[in-house]
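Mapping the sequence shown onto numbering that gives the first Met the number 0, position 87 (from 1) lands on 86, and the numbers just tick up by one.
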Amino acid sequence: MRNIIEIENVAKFYGDFAALTDIDLNITEGEVVCVIGPSGSGKSTLIRCINLLETYAEGGTIRVDGIPVQPGPNLDQVRAEVGMVFQSFNLFPHMSVLKNIMLAPMRVRKSSSKDAAAKALDLLKRVGISEQADKFPGQLSGGQQQRVAIARALAMEPRVLLFDEPTSALDPEMVGEVLDVMRTLAGTGVTMIVVTHEMGFARQVADRVIFMNGGQIVEAGPPEQIFDAPKEERTRDFLSAVLNH
Ligand code: ADP
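Below, the structure is given as C-alpha cells:
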C-alpha cells in the first residue's frame, strides 16, 4: 500500500517547550488512524502540522501525497488534498448551510454555483440533514453543525480528512450521530486521522491506534493490541484511567 502521509523526525517547539519530538509516522492511503492520549500530549499539534496550521520549523519533514508540507507555492495543493474538521465546527455563521458547503469548491476549484449547490445537497443527504440546507449554522444543533462541517470538508474531495476531537464540544446525546457519519466515511476509502477521546469508536473503526504522551508517539498498533495488550506502561496507565472513570 502506498503512503499518502509521510512524517519524518518532526519536532515542534513553543519557546523552550517541546510540543512534539521525534515523530515518525507513515499513513497509507485509505487507512483510518485514531490518535489518543492525555490532554496536552501533542495530538492536536501533530495533526495541525499536516496541513500547516502549525509550522514545524524545528525539524523534520512532512509529505502529503509526495508533496512537502511547507510554506510556499505547494501549500494550496496540500490544503486541497487535506480536509479538516474542528472541535468547534468553524462554520461561517452568516452563510446558510448550503453556502458554507459551496464556498470552497467555488473559490478554490472554480465550480459553477449550480454544480456546487447540487454537490452540496448531495453531501447534506450523505450526512443525513438535507432538510437543513437553507438554515444558518446558529439554528442547528451541535451535532447537525458538525455534520455540516464534515460535508463542507468532503466538498473539496480531499484524499485525507483530519478530525480534531470532533465530538468533544457536543452534548452527549449528539455524539453518536456524528460518530455514525464518521464510521460510514471510514468505509469509503478516504484516509482519516482522528484525534479522539471516544475509545469505543477508536476500537471499532480504526485500522491503527496511536498513543501519544509528552509530545511523542509512545505506541502504535491495531486496536486489539493497543486496547487489549498494550506494551507500554504509559499506555496501560492512560487506558485504565479513561476506561475506568
Ligand atoms: P492535545 O491535543 O494532546 O491536548 P496539544 O497538541 O493541543 O495537545 O498541545 C500540546 C502542548 O503544546 C500542550 O502542552 C499545550 O499547552 C502546548 N501548546 C499548544 N498550543 C500552544 C501555543 N500556541 N503556544 C504555547 N503552547 C502551546
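Quick reminder that beta carbons are idealized off the backbone N, C-alpha and C, glycines included.
Rounded to whole angstroms, the Cβ separation of V84 and F162 is 5 Å, and the two are in contact under 8 Å. Under the DSSP assignment, F237 falls in the alpha helix (DSSP H) whose first and last residues are 232–242. A residue is called buried once 16 or more other Cβ atoms fall within 10 Å of its Cβ, and Y55 is buried on that count.
Close CB contacts of Q143 within its chain, under the 7 Å cut and outside five residues either way in sequence, are with I128, Q131 (chain order). Here A201 has C33, I35, T195, V208, P222 as same chain residues with Cβ atoms under 7 Å from its own Cβ, once five neighbours each way along the sequence are excluded.
Assignment of I192 by DSSP, reduced to helix, strand and coil, places it in the strand class. Separation of R1 and P171 (C-alpha to C-alpha, rounded to the nearest whole angstrom) is 37 Å. Those residues having their beta-carbon less than 5 Å away from any non-hydrogen atom of the ligand ADP are, in chain order, Y13, A18, S38, G39, S40, G41, K42, S43, T44. With a contact defined as Cβ atoms closer than 8 Å, V107 and A79 qualify at about 6 Å. For V208, the enclosing beta strand (DSSP E) stretches over residues 207–212. For Y55, DSSP records no beta bridge to any residue. DSSP places A154 outside both helix and strand once states are collapsed to three, so it counts as coil. Residues N212, F237 of the same chain have their beta carbon placed closer than 7 Å to that of P37, with the five preceding and five following residues left out of the count. The Cβ neighbour count for A117, taken over all protein chains shown within 10 Å, is under 16; the residue is labelled exposed. A direct Cα-Cα distance of roughly 31 Å separates M94 from V63.
Looking at the DSSP output, L74 sits in no beta bridge, so it has no partner there. Linking I3 to E156 through their CA atoms gives a straight-line distance of about 15 Å. DSSP, reduced to helix, strand and coil, places I216 within a strand of the structure shown.
Considering only F226, L122, N89, the residue with the shortest C-alpha distance to G137 is N89. When only Cα atoms are considered, C48 and D227 end up about 30 Å apart. By the neighbour-count criterion, in which 16 or more other beta carbons inside 10 Å mark a residue as buried, Q76 falls on the exposed side.
As a beta-bridge residue in DSSP terms, V34 pairs with V194, I209. If you keep only unbroken beta strand (DSSP E) runs of at least 3 residues inside the region 98–174, you get 159–163.
Within the same chain, Cβ atoms closer than 7 Å to the Cβ of R233 are found at N212, V217, the five residues on either side in sequence being excluded.
Taking each of P92, K42, G186 in turn and checking the Cα distance to D133, the smallest one comes out for P92.
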